[in-house]
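To start, the structure under review is shown below, and the notes come after it.
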Amino acid sequence: MGVETRPLSTLHERSSYDVADFPVPTGREEEWRFTPLRRLRDLHKGAEADGKVVVDVDAAPEVKVETVGRTDERVGKAYVPADRVSAQAYASFAQATLITVAKEVVATSPTVVTLRGEGGVAYGHTTIVLEPFAQATVVLDHIGTATYADNVEFVVGDGASLSVFSLQNWADDAVHLSHQHARLGRDAKFTSFTVSLGGEVVRIAPSVAYDAPGGDAELYGVYFVDKDQHIEHRLLVDHTTPNCRSRVDYRGALQDEGAHTVWIGDVIIRAEAEGTDTYELNRNLVLTDGTRVDSVPNLEILTGEVAGAGHASASGRLDDQHLFYLQARGIPHDLARRMVVRGFLGQLVEKIDLPDLREQVRTAIDKELDR
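Going by this note's numbering, the first residue of the sequence shown is number -18, and it counts up by one from there.
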């Protein structure tokens, strides 16, 4: 399979299943200029798989789970890789995890997919299919240590609704590069929540494309970046059909020397996508000196007939006035600092509608602050 024939945006100029269609990145390319290539352990150069990531699935009773080969016709149809590492992951995985929710089925509990790294280099692929009018919640929990690249496909059928929680709970030495792509049918609803806390280098690329009018996508993210940690989110929402909606809201906190976060938010409204309603937001809270924030929102609008389109980005230090207000009322400095950070991130954490998971994320944020 070669380069995709559909006209591509100036923001994303190439899409292909073939690794050879992507030169080895040097770091000067727009899509790689913020990523520390020297710390990727040659994932961008086609590192040989010599490790293992074990996939365990605790599925809702109504959900079908299969382990299939790479020749299965249901795998790899919703997403075409957009960079060399993604194409390498597609070319290198041996087996894929396929999760299917049948037409009009409503899953009664979340399906939890645990991906446990056991060291070395590994590649993976996951496909999640919701047939028309189905409803489900999926949790992707990444733990252990690995040098891992994968692609995740979400196929959301007409009138279906899918909520996905992607947790980066890796050990401190893990490297993870992932593309997570959703294709939405007519009147489909997709909600994504990415929580990135662990790992040495983590680069997650969520993307959304619409196959018919009425699609609705909401993408949220929370991250906390510590000493010498690199966490990167590169989002793409590609409005290709009329009357679709998207909302993006990512928030993060950084502390300690060498902490680096990157957020790239690309929204494309194509000429045929009249009536699009979109907005994206990224906010970062800097807690100490020695950190770095790169936040780049992009809008490419190819039609003048839009319902709404906007973006915003803000990065700043902890507000001394907020701390003073709390300390003046007898609250110690460390507790006041914790309260401000929890309030800043908590506006998104509260959107997690799974109580146990919401409490898990709160606890993990507290542990980060304890460092």
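Each residue gets a CB set at the ideal place from its N, CA and C atoms; glycine is no exception.
Exercise. Per DSSP, Pro187 is paired with what?
Worked result: Your numbering for residue 187 matches position 206 in the sequence shown. Residue pairing by DSSP places Pro187 opposite Gln161 in a beta bridge.
Problem set entry | Buried or exposed by the 16-neighbour rule on C-beta atoms within 10 Å, applied to Ala309 | In the sequence shown, counting from the first residue as 1, residue 309 sits at position 328. Exposure of Ala309 is indicated by the presence of fewer than 16 other C-beta atoms within 10 angstroms of its C-beta.
Exercise. Cα separation between Val35 and Pro62?
Worked result: The residue you call residue 35 lines up with position 54 of the sequence shown. The residue you call residue 62 lines up with position 81 of the sequence shown. Cα-Cα distance, rounded: 23 angstroms.
Exercise. Which value, in whole angstroms, describes the spacing of the CA atoms of Leu316 and Val322?
Worked result: To locate residue 316, count along the sequence shown from 1; it is residue 335. To locate residue 322, count along the sequence shown from 1; it is residue 341. Cα-Cα distance, rounded: 10 angstroms.
For this session: Would you decide whether His314 is buried or exposed? Buried here means 16 or more other CB atoms lie within 10 Å of its CB.
Result: As a working mapping, residue 314 is identified with position 333 in the sequence shown. Exposed, since its Cβ has fewer than 16 Cβ neighbours within 10 Å.
Problem set entry | Proximity to Arg228 [Cα-Cα], best of Arg352, Arg273, Val156 and Lys170 | Counting from 1 along the sequence shown, the entry for residue 228 is found at position 247. Selection Arg352, Arg273, Val156 and Lys170 evaluated against Arg228 yields Lys170 as nearest (Cα-Cα).
For this session: Flag this pair as touching only if the segment 191 to 204 and the segment 159 to 175 have three or more C-beta atom pairs under 8 angstroms; answer yes or no.
Result: Yes, the segment 191 to 204 is in contact with the segment 159 to 175.
Problem set entry | Classification of Gln161 by the beta-carbon crowding that lies within 10 angstroms, buried from 16 upward | Sequence index remark: in the sequence shown, residue 161 carries index 180 (1-based). That one is buried.
Problem set entry | Close-in-space but distant-in-sequence residues of the same chain around Arg97 (CB under 6 angstroms, 5 per side omitted) | What you label residue 97 is simply residue 116 of the sequence shown in a count that begins at 1. Only Val35, Ile124 and Gly125 meet the Cβ criterion.
Exercise. How big is the Cα-Cα spacing for Thr92 and Thr107?
Worked result: Taking the sequence shown and counting its residues from 1, one reaches residue 92 at position 111. Taking the sequence shown and counting its residues from 1, one reaches residue 107 at position 126. Rounded to the nearest angstrom, the two C-alpha atoms are 13 angstroms apart.
Exercise. Taking buried to mean at least 16 other C-beta atoms within 10 Å of its own C-beta, is Thr7 buried or exposed?
Worked result: Locating residue 7 in the sequence shown gives position 26, counting from the first residue. Counting other Cβ atoms within 10 Å of its Cβ, Thr7 stays below 16 and is therefore classed as exposed.
Exercise. In chain order, which continuous runs of the alpha helix (DSSP H) of length 4 or greater are located wholly inside the segment -4 to 73?
Worked result: Qualifying alpha helix (DSSP H) stretches, in chain order: 65 to 73.
Exercise. The beta strand (DSSP E) with Asp247 in it runs from where to where?
Worked result: By one-based count along the sequence shown, residue 247 stands at place 266. Its beta strand (DSSP E) spans residues His241 to Ile250.
Exercise. In this structure, does DSSP put Phe146 in helix, strand or coil?
Worked result: For the purposes of this step, residue 146 is identified with residue 165 of the sequence shown, where counting begins at 1. Per DSSP, reduced to three states, the secondary structure at Phe146 is strand.
Exercise. Smallest Cα separation from Thr344: which of Gly327, Leu280 and Lys332?
Worked result: Counting from 1 along the sequence shown, the entry for residue 344 is found at position 363. Of Gly327, Leu280 and Lys332, the residue nearest in Cα terms is Gly327.
Problem set entry | Ala40 versus Ser144: straight-line alpha-carbon distance, rounded | One-based indexing of the sequence shown puts residue 40 at position 59. One-based indexing of the sequence shown puts residue 144 at position 163. When rounded, the distance between both Cα atoms is 14 angstroms.
For this session: Could you tell me which of Asp2, Val218 and Arg352 sits nearest to Ala290, measuring between CA atoms?
Result: Residue mapping note: residue 290 aligns to position 309 of the sequence shown, counting from 1. Measuring from the Cα of Ala290, the nearest candidate turns out to be Val218.
Exercise. On the three-state DSSP scale, how would you describe Lys348?
Worked result: One-based indexing of the sequence shown puts residue 348 at position 367. Look at Lys348 here: in three-state DSSP terms it is helix.
Exercise. When we look at the beta-carbon of Leu283 and count the other beta-carbons within 10 Å, is it buried (16 or more) or exposed?
Worked result: Residue numbering aside, residue 283 sits at position 302 when the sequence shown is read from its first letter. Leu283 comes out exposed.
Exercise. Which stretch, first to last residue, makes up the beta strand (DSSP E) that contains Phe171?
Worked result: What you label residue 171 is simply residue 190 of the sequence shown in a count that begins at 1. Residues Lys170 to Ser177.
Exercise. Which term fits Gln302, buried or exposed, when burial requires 16 or more other beta carbons within 10 angstroms of its beta carbon?
Worked result: Working through the sequence shown from its first residue, we reach residue 302 at position 321. Counting Cβ neighbours within 10 Å, Gln302 comes out exposed, since fewer than 16 surround it.
Problem set entry | For Asn224: DSSP bridge partner residues | Translated into positions along the sequence shown, residue 224 becomes position 243. BP columns for Asn224 are empty, so no partner.
Problem set entry | Cut-off 8 angstroms between Cβ atoms - residues of its own chain near Pro223, not counting five sequence neighbours on either side | Here residue 223 refers to the residue found at position 242 of the sequence shown. These residues qualify, in order along the chain: Pro194, Glu253, Ala254, Glu255, Gly256 and Thr257.
For this session: Please report the Cβ distance between Arg51 and Val102, rounded to the nearest whole angstrom; I am assuming they are in contact, meaning their Cβ atoms lie under 8 angstroms.
Result: For this step, residue 51 is matched to residue 70 along the sequence shown. For this step, residue 102 is matched to residue 121 along the sequence shown. At roughly 18 angstroms, the Cβ-Cβ gap does not stay under 8 angstroms, so Arg51 and Val102 are not in contact.
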